[in-house]
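Respectively, the protein sequence lines represent chains A and B. Those letters in the first sequence? Residues 2 to 222, by our numbering. Those letters in the second sequence? Residues 2 to 222, by our numbering. For glycine and all other residues, C-beta sits at the position ideal for the given N, C-alpha and C. Below: one structure, written as structure tokens.
Protein chains: 2
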Amino acid sequence: MALRHAVLAALLDGELSGYQLAKAFDVGVANFWHALPQQLYAELAKLEQEGLVAGRRVVQETRPTKRLFHVTDAGLTELERFAAAASKPSFIRDDLLVKVQAADHVDAGPLIRQVEERAAMAEAKIDLFRRILRKMRGGLGEEEFLRAGRRVGPYLTCLRGLAFEEGNRDWCLRTAAILRERSPAAPDGRTAAVPGEGIAAMPREGTAPAPRNPEVAHAER
Amino acid sequence: MALRHAVLAALLDGELSGYQLAKAFDVGVANFWHALPQQLYAELAKLEQEGLVAGRRVVQETRPTKRLFHVTDAGLTELERFAAAASKPSFIRDDLLVKVQAADHVDAGPLIRQVEERAAMAEAKIDLFRRILRKMRGGLGEEEFLRAGRRVGPYLTCLRGLAFEEGNRDWCLRTAAILRERSPAAPDGRTAAVPGEGIAAMPREGTAPAPRNPEVAHAER
DNA sequence: TATGACTATTCAACGAATTGAGTAGCAGCG
DNA sequence: CGCTGCTACTCAATTCGTTGAATAGTCATA
Numbered sequence: 002m003a004l005r006h007a008v009l010a011a012l013l014d015g016e017l018s019g020y021q022l023a024k025a026f027d028v029g030v031a032n033f034w035h036a037l038p039q040q041l042y043a044e045l046a047k048l049e050q051e052g053l054v055a056g057r058r059v060v061q062e063t064r065p066t067k068r069l070f071h072v073t074d075a076g077l078t079e080l081e082r083f084a085a086a087a088s089k090p091s092f093i094r095d096d097l098l099v100k101v102q103a104a105d106h107v108d109a110g111p112l113i114r115q116v117e118e119r120a121a122m123a124e125a126k127i128d129l130f131r132r133i134l135r136k137m138r139g140g141l142g143e144e145e146f147l148r149a150g151r152r153v154g155p156y157l158t159c160l161r162g163l164a165f166e167e168g169n170r171d172w173c174l175r176t177a178a179i180l181r182e183r184s185p186a187a188p189d190g191r192t193a194a195v196p197g198e199g200i201a202a203m204p205r206e207g208t209a210p211a212p213r214n215p216e217v218a219h220a221e222r
Numbered sequence: 002m003a004l005r006h007a008v009l010a011a012l013l014d015g016e017l018s019g020y021q022l023a024k025a026f027d028v029g030v031a032n033f034w035h036a037l038p039q040q041l042y043a044e045l046a047k048l049e050q051e052g053l054v055a056g057r058r059v060v061q062e063t064r065p066t067k068r069l070f071h072v073t074d075a076g077l078t079e080l081e082r083f084a085a086a087a088s089k090p091s092f093i094r095d096d097l098l099v100k101v102q103a104a105d106h107v108d109a110g111p112l113i114r115q116v117e118e119r120a121a122m123a124e125a126k127i128d129l130f131r132r133i134l135r136k137m138r139g140g141l142g143e144e145e146f147l148r149a150g151r152r153v154g155p156y157l158t159c160l161r162g163l164a165f166e167e168g169n170r171d172w173c174l175r176t177a178a179i180l181r182e183r184s185p186a187a188p189d190g191r192t193a194a195v196p197g198e199g200i201a202a203m204p205r206e207g208t209a210p211a212p213r214n215p216e217v218a219h220a221e222r
């Protein structure tokens, strides 16, 4: 139930069309949420029905007519309500982490390549975020802007995005180096996986009073 | 289509029941994916049908009978295939970031409280991750373990989780401090929001050759 | 001796997200 | 002149994820 609020938050800085919104949410710049165009159009329609946003039609000379949306007072009230309610914890969902989790059972070559690719993507995002931050604070220094700037919300979320991508890059580079070193093969990848057993991955530590192994009989299937 | 692979990856270190799997995926320890028990039971059933995992029934004295699952050869092959295929970029979805994005339009008090609460949660996870890492590497130093340890996949993903939570904590503390300083009110929160206009949040920079403002006429609704 | 918490799983219903396709005019390129 | 790509949006199908509830025995706590 939070896409709607993400949309409201994104519209706070001025009118946007569904299309512009989609750009903002799609490409890397979605540093606080992610969504596809179809979802956004659908959400805008719902928000408009409920009176939380309002749109005005803008006819253009050379391009298709578009509709620019802005947050209404009711929308602001709803955002206020949302902001005061409890947040659910954020969680990561990342293909690449799943693959690294399985790293010891899987061909290291392609994995290393993907981790390094991801490092490069992170680097690109870091550059982008830095540019955006510079633009937002205008001539001011960061501390100054954060103390006195008019609108710091987007700046703060962008800072989080920056730190996230820096963490990503650092971890990817280190991980790639480690996997490369462990992988006895050619410098550009290409290895057979070394199976390797043991050492529990997940903790499954005694939260309960240690179930003193109540297993008794085994029947299959 | 990656929950299945997350399950396979989690089962690599030994048999788990749906329930145990749910624990691992639910509480903080899901440092590479997140899912609810119902999803996991459903996914296990599908995986079993497709022969990617196999379960054996374990009758227990005092507790309900459970089924322990392990990855089959076909499952390993599928993981291998997955690991070699392209990854989709990871994205963040976080309520709290949405709220901070709207920080300038919203009551600062509850927000600050939530950000600080999140910092504390991050701290707790940091402790947990550090304990897990220590346990995984046994007596060895980190570098040593990463060079020579048998199973580094889970260690590496846990390192990412640790760095993520450290980033979370640092950002939350800084953000809380900034919002507190900007908020003219009592030291424990309670402020009226300062509306404030301008400054574009999203970049919407000229990716296309600068649409030289083709707006012409406005009609409403 | 209730009470609630844990183990272990299943079912149903709903809402959210992804996939894929389609429309249609304009701009720039070779 | 045809091609690709951009703006701007819509529709349908399907899968994925969340919410809520139920069952049923065991164990520790008050």
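Residue i and residue j closer than 7 Å at C-beta
i      : j      : result
B:V116 : A:E81  : no
B:Q102 : A:G154 : yes
B:R68  : B:E44  : no
A:L97  : A:R131 : no
A:V99  : B:A121 : no
Residues near residue i in its chain [Cβ-Cβ closer than 6 Å; skip 5 each side]
i      : result
A:G76  : L9, L53, V54
B:T176 : V116
B:G199 : Note on B:G199: pLDDT 36, under 50, position unreliable in the model; the coordinate value appears next. Correct list: empty, nothing qualifies.
A:P38  : A23
B:L134 : C159
B:M137 : Y156
B:V195 : Here B:V195 scores only 47 on pLDDT, less than 50, and its place in the model should not be relied on; the value that follows carries that caveat. Excluding sequence neighbours, B:V195 sits near nothing in its chain.
A:E79  : L53
A:A178 : none
Continuous alpha helix (DSSP H) stretch holding residue i: start and end
i      : result
A:R119 : 109 to 138
A:A87  : A:A87 -> no alpha helix (DSSP H), and no H or E assigned at all.
A:R170 : 154 to 183
A:A25  : 19 to 27
A:A1   : Because chain A is modelled from 2 through 222, residue 1 of chain A falls outside the range shown and cannot be assessed.
B:D96  : 96 to 102
Whole-angstrom C-beta distance between residue j and residue i, which should lie under 8 Å
i      : j      : result
B:A84  : B:L180 : Not confirmed; about 42 Å, so no contact.
B:F33  : A:D105 : Incorrect: roughly 14 Å between the Cβ atoms, too far for contact.
A:L41  : A:G56  : So it is not a contact: roughly 13 Å between Cβ atoms.
B:R152 : A:E182 : That belief does not hold up - the Cβ atoms of B:R152 and A:E182 are roughly 16 Å apart, past 8 Å.
A:I93  : B:S88  : A:I93 to B:S88, Cβ: 13 Å. No contact.
Residue interval of the beta strand (DSSP E) (run including residue i)
i      : result
A:F70  : 67 to 72
B:G142 : Here B:G142 belongs to no beta strand (DSSP E), and DSSP marks it neither H nor E.
B:A3   : Run containing B:A3: none; DSSP gives neither H nor E here.
A:R57  : 54 to 61
8 Å Cβ shell around residue i - same chain, five flanking residues per side excluded
i      : result
B:A123 : E166, E167, N169, R170, C173
B:R191 : A caution first: B:R191 carries a pLDDT of 48, below 50, which makes its placement in the model unreliable, though a value can still be read off. G110.
A:V60  : T66
A:E49  : A55, G56, F70
A:L17  : A11, A25, L69, F70
A:K47  : R5
A:A31  : A25
B:F146 : M137, R138, G139, V153, Y156
Own chain, CB closer than 7 Å to residue i, minus 5 neighbours either side, in chain order
i     : result
A:L12 : V54, F70, H71, V72
A:A36 : L4, F26
A:R58 : T66, R68
A:Q21 : none
A:D74 : none
State whether the stretch 162 to 178 of chain A contacts the stretch 121 to 136 of chain B, with contact taken as three or more CB pairs (one from each stretch) at a distance under 8 Å. No, the stretch 162 to 178 of chain A does not touch the stretch 121 to 136 of chain B.
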